[in-house]
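Just so we're aligned: the sequence shown equals residues -18 to -1, 1 to 89 in mature numbering (1 follows the signal peptide of the UniProt record, and there is no 0).
Each remark here refers to the structure printed beneath this line.
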Amino acid sequence: MKYCVIALCVCLLRLAIGSVANVLAALKAEKIPPEAQFLTGDALVKYLRENQNLFEVETTSKGQGKMYMVMDAKFRNRNTRPPVADEEGDDYNDDDIPEKLVNRSLS
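Printed below as a string of structure tokens:
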């Protein structure tokens, strides 16, 4: 009896994995039309309500209030952290080990 239950679980697991793979492949193959890629605001909400069923879409004032936090695309490729120079200069890492440290390790 235990073996039958285990075999049933294995079969169900194979079916579940296969169906997930099929759904993912279908979603990957689905292309977004070029005109839909540039929609914003109410037009985007309307398009999503008509063409997708993964989640519900609505517009809220909370979402509109957060839009000021979104960085402008022209700043996307800028380096946010300036390069930091070594305190000792450029050749700091090229020096040999000081003699006092060499003598200390030998004794």
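For glycine and all other residues, C-beta sits at the position ideal for the given N, C-alpha and C.
Computed from a predicted structure; not experimentally measured.
- 8 Å or more divides the Cβ of residue 52 from the Cβ of residue 39.
- Residue state for residue -17 is assigned as helix, using DSSP reduced to three classes.
- Within the region 30 to 61, complete alpha helix (DSSP H) segments of at least 4 residues are found at 43 to 47, given in chain order.
- Residue 83 carries a helical assignment under DSSP once its states are collapsed to helix, strand and coil.
- Cα atoms of residue 19 and residue 9: separation of roughly 16 Å, rounded to the nearest angstrom.
- Straight through space, the alpha carbons of residue 57 and residue 79 are spaced by roughly 44 Å.
- For residue 16, the three-state secondary structure derived from DSSP is helix.
- In this model, residue 17 and residue 32 are separated by some 15 Å (Cα to Cα).
- Residues of the same chain with their beta carbon placed closer than 7 Å to that of residue 37 are lacking, with the five preceding and five following residues left out of the count.
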